[in-house]
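J.: Quick one: structure below, then a few questions.
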Amino acid sequence: MQEIGAVDHGICLIERLQMERLTVSINGEKYSGERVLGAETFTVSNSAGKTLTAVVAEHPVEEWGHIGYERFSHLHGPVGILDADGKQMIFREAQNDETYEKLENVLFGGPFYMVQRILLSLSLAAAAAEAEEVFSKIPMQQLRLDAFYVNKKDFSVKILSEMLAEQRSETERDNEYRKMARLGLMPPEWYEDPAGNPATLEGFRHFLAVLIFRALCASDPFDGSYTIEQYPYIGETVLKNLYGKDAEYILVSEKNKANSYAGAIASTVLGKICPRLKKLFEQAFVEGVRHPESRPSAAQWLENQKNMMNWYDSDGKDWRIPDLESGEGVRTDIDYLCLSNGIVLPVYQKKLVYQYMFQESGAPCDEKVTGVIKKGDRGLEIQWKKEGAPPVLLNRYGMEIRIQDIAGEVRRYPRERYMDGKVSAVSRKWLIPEKKS
């Protein structure tokens with residue numbers, strides 16, 4: 043008998059792998075797969091074909107096991123952790139590289155439509171709100187632009203959150219920070235002192251504000267015309283003048299410098315959208331430059347971006363969010379769908395509706411397109427993307443409508459609080475038009 047490993051007719055056994063079959067239950071679902079004994083990575087799949095990747099960690103971050111990533115649709119992190127033989131197997135959803143693209147390529151690449159810009163800014167705020175919750179429990183180690191990905195189809199954002207919490211070499215970290223610095227993404231205090239730690243809550247919030255501004259306006263939020271005239275070569279001195287404590291926001295009420303450098307598009311966009319959103323940008327880029335603690339939270343951005351998406355007119359007639367208390371900005375030529383969760387939608391053809399619009403207040407934001415308002419046989423109605431779902435007719439004035447367990451009413455004049463029976467004296471002036479004599 044020939045020994046194993048001996049050559050016979052050009053055939054030689056190089057390696058014999060020992061395999062183990064694993065079946066695990068994660069969030070009530072069974073996954074199975076094979077692992078080479080001693081291997082640090084392997085995959086498992088469920089009966090529906092969903093695949094998870096697993097990494098065997100010697101010294102994992104203990105808190106990851108208590109996060110419950112199934113609640114965070116915008117964060118890519120562990121969906122389950124298994125203790126085995128003194129180590130931990132960390133299971134994550136497998137990323138589809140063909141579906142997602144780096145945020146850097148989207149923001150600093152080619153142009154895209156305004157509705158896509160608004161949706162991207164909404165998803166950035168939703169993802170950051172989830173990240174702020176996670177990093178209130180696990181320290182953020184670094185800011186990383188390369189941890190942000192965008193779905194090419196629906197412009198939803200995914201954050202590889204563990205990348206923000208992992209320790210990297212000083213060289214790798216500095217290379218990333220230098221790249222982000224040239225893109226104007228680092229907080230002002232870092233440009234003043236690059237040895238400082240930008241991965242703070244305040245630093246993350248400035249980073250988020252710049253990303254949202256760039257998503258909406260396709261330009262830098264800070265004016266650099268005078269600096270560029272002085273210093274044509276963009277070195278450390280120029281970056282400090284552009285983005286440090288003396289940075290000047292391109293749109294302020296006293297002096298509009300939007301057209302002096304890179305803000306022509308921003309001037310056009312912010313000239314049409316809501317005053318509240320402009321105030322939030324001023325809070326981030328005027329007051330927040332000098333007082334980091336005053337920078338808006340991700341939750342504040344999310345609320346504004348939801349309102350902007352709610353009121354966005356796909357025909358480009360008006361992007362502003364009306365003041366429902368005073369009636370300023372409310373169009374009187376269309377109807378409004380007023381929902382019990384506080385959301386008000388203008389009713390017109392081709393208006394996209396999103397899943398978050400029919401969720402209870404405080405639920406995680408799901409910005410998937412779920413339907414569209416179209417003209418049916420009996421008038422305008424919500425037609426759902428889900429096959430077989432009956433449309434919702436939107437011409438039943440004064441009658442309660444149930445939409446995905448949310449109560450609603452179609453009105454010609456919206457009001458801030460739905461069916462609360464209380465309308466202020468200011469509101470009553472426009473809710474009930476005066477009779478002509």
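Residue numbers (the working numbering): 43 to 479. No residue lacks a Cβ here, since even glycine has one placed at the ideal position from N, Cα and C.
Rounded to whole angstroms, what is the Cα-Cα separation between His-248 and Pro-334?
T.: For the purposes of this step, residue 248 is taken as residue 206 along the sequence shown, with counting starting at 1. For the purposes of this step, residue 334 is taken as residue 292 along the sequence shown, with counting starting at 1. Approximately 8 Å between the Cα atoms of the pair.
J.: With three or more beta-carbon pairs closer than 8 Å as the criterion, would you say the segment 428 to 445 touches the segment 192 to 204?
T.: These segments do not touch.
J.: Classify Ser-67 as helix, strand or coil using the three-state DSSP reduction.
T.: Start at 1 with the first residue of the sequence shown, and residue 67 comes out as number 25. DSSP places Ser-67 in strand when its eight states are reduced to three.
J.: Considering only the beta carbon of each residue, do Ala-167 and Leu-344 sit closer than 8 Å?
T.: The residue you call residue 167 lines up with position 125 of the sequence shown. The residue you call residue 344 lines up with position 302 of the sequence shown. Contact flag set, yes.
J.: Sort out for me which residues DSSP pairs Tyr-73 with in a bridge.
T.: Position 31 of the sequence shown, counting from 1, holds the residue named residue 73. For Tyr-73, which the question treats as bridged, DSSP gives the partners Val-66.
J.: Report the CB separation of Gln-184 from Arg-134 in whole angstroms; it is logged as a contact under 8 Å.
T.: The sequence position of residue 184 within the sequence shown is 142, counting from 1. The sequence position of residue 134 within the sequence shown is 92, counting from 1. Not a contact, Cβ separation roughly 20 Å.
J.: Report the partner residues of Lys-416 according to the DSSP bridge assignment.
T.: Walking along the sequence shown from the start, residue 416 turns up at place 374. According to DSSP, Lys-416 bridges with Glu-423.
J.: Exposed or buried, which one is Glu-231 when buried takes at least 16 other CB atoms within 10 Å?
T.: Within the sequence shown, residue 231 is the residue found at index 189, counting from 1. Counting Cβ neighbours within 10 Å, Glu-231 comes out buried, since at least 16 surround it.
J.: Beta-carbon separation of Ala-308 and Leu-250 under 8 Å?
T.: For the purposes of this step, residue 308 is taken as residue 266 along the sequence shown, with counting starting at 1. For the purposes of this step, residue 250 is taken as residue 208 along the sequence shown, with counting starting at 1. Not closer than 8 Å, so no.
J.: How big is the Cα-Cα spacing for Leu-180 and Leu-243?
T.: Looking up residue 180 in the sequence shown gives position 138. Looking up residue 243 in the sequence shown gives position 201. Note that residue 180 is Ile in the sequence shown, not Leu. Spanning the two alpha carbons is a distance of roughly 12 Å.
J.: When DSSP labels each residue in this structure, what does Asp-235 get in the three-state scheme?
T.: In the sequence shown, residue 235 corresponds to position 193, counting from 1. Asp-235: coil per DSSP, three-state reduction.
J.: Do Leu-253 and Glu-409 have their CB atoms nearer than 8 Å?
T.: Against the sequence shown, residue 253 aligns to sequence position 211. Against the sequence shown, residue 409 aligns to sequence position 367. Taking 8 Å as the Cβ cut-off, Leu-253 and Glu-409 do not qualify as a contacting pair.
J.: With distance defined between alpha-carbon atoms, name the residue in Leu-281, Val-98, Glu-71 and Val-395 nearest to Tyr-233.
T.: Stepping through the sequence shown from its first residue, residue 233 is reached at position 191. Measuring from the Cα of Tyr-233, the nearest candidate turns out to be Leu-281.
J.: Using a Cβ-Cβ cut-off of 7 Å (strictly less than) and excluding sequence neighbours within five positions of Ala-289, which residues of its own chain qualify?
T.: Counting from 1 along the sequence shown, the entry for residue 289 is found at position 247. These residues qualify, in order along the chain: Pro-230, Phe-264 and Val-331.
J.: Does the beta-carbon of Glu-423 have 16 or more other beta-carbons within 10 angstroms, so that it is buried, or is it exposed?
T.: Here the question's residue 423 lines up with position 381 in the sequence shown. Buried is the call here.
J.: Leaving out the 5 sequence neighbours to the left and right, which residues in its chain are closer than 6 Å to Ala-300 when beta-carbon positions are compared?
T.: The sequence position of residue 300 within the sequence shown is 258, counting from 1. In this predicted model, Ala-300 has a pLDDT of only 43, less than 50, meaning its place in the structure is not dependable enough to derive any value.
J.: Terminal residues of the continuous alpha helix (DSSP H) containing Ser-203?
T.: Locating residue 203 in the sequence shown gives position 161, where the first residue counts as 1. Its alpha helix (DSSP H) spans residues 203 to 207.
J.: Between the segment 311 to 321 and the segment 117 to 135, can you find at least three pairs of beta-carbon atoms closer than 8 Å?
T.: No: fewer than three Cβ pairs fall under 8 Å.
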